[in-house]
Amino acid sequence: MKILGIDPGIERLGWGIVEKNSGQLTRIRSGVKKTLKSQKESERLWEIFDFLDKLIKKEKPDGLSTEKLFFAKNVKTALVIGEVRGVILAVAEKNGLSIKEFAPLEVKVAICGYGRASKENVASMLKLSINLPKNKLLDDETDALALALTSLVSATFP
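For the sequence shown, our numbering gives the first residue as 1, with consecutive numbering after it.
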């Protein structure tokens, strides 16, 4: 089973593909899709949609995992993230992918066994679970891989 994990963001959208095959977990590809602040918001949202649509068609994941919007200190940020989530859900639906959404607490429990784990704890546990590149990943990419891994783990523990 191959899962595309997506950490929603308009400036930096983290994505990662993890595959589970005979109990073995493997990172296929991952990265961060960046959009320019100088673009109109609608252009940035379309760029994200187009990027994800092409990525899904190329990689052919079985499902998509993304973060639930849980809380934001800034209302404007929350609204934009909500719009990005809408794009993510729409492109998943367009491509017939099953969708799983997780709160940050659920991801931390699945990856670290502790809901108050730090980003550093999650990154450390990811290194033990899947093959990661040697270079340091941006938090957005790490979060996306953690979302994909959470989806694969939760599939075995319904």
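Ideal Cβ positions, reconstructed from N, Cα and C, are used throughout, including at glycine.
Values in this document were obtained by computation on a predicted structure and should not be read as measured data.
By the Cβ criterion, the region 112 to 121 is not in contact with the region 57 to 77, since fewer than three pairs of Cβ atoms, one from each stretch, lie closer than 8 Å. Within the same chain, and ignoring the five residues on either side of Asp62 in sequence, the residues whose Cβ sits closer than 8 Å to its Cβ are Met1, Lys2, Ile3, Leu97, Ser98. Rounded to whole angstroms, Leu126 and Ser65 show a C-alpha spacing of 16 Å. The beta carbon of Ile28 is closer than 6 Å to those of Ile17, Glu19 in its chain, skipping five residues each way along the sequence. Taking the Cα of Val32 as reference, the smallest distance to any Cα among Ile6, Ile81, Glu83, Gln39 is reached at Ile6. Partner residues in the beta bridge of Val18, as assigned by DSSP, are Ile3, Arg27. Every unbroken stretch of the beta strand (DSSP E) spanning 3 or more residues and falling wholly within the region 43 to 77 is given here in chain order: 63 to 67. Annotated as proximal: Leu45 and Val87, with beta-carbon spacing under 7 Å. With fewer than 16 other Cβ atoms inside 10 Å of its own Cβ, Asp50 counts as exposed.
Secondary structure note for Lys127: its alpha helix (DSSP H) is the uninterrupted segment 119 to 129. Going by C-alpha positions, Glu59 is about 10 Å away from Leu52. Taking Ser118 as reference, the option from Ala146, Asn95, Ala92, Leu132 with the minimal CA-CA separation is Ala146. Within the same chain, Cβ atoms closer than 7 Å to the Cβ of Asp139 are found at Lys119, the five residues on either side in sequence being excluded. Taking 7 Å as the cut-off, the beta carbon of Pro8 is found closer than this to the beta carbon of Val84.
Bounds of the alpha helix (DSSP H) holding Ile111 are 104 to 112. Gly14 is a Cβ neighbour of Glu141, given a cutoff of 7 Å.
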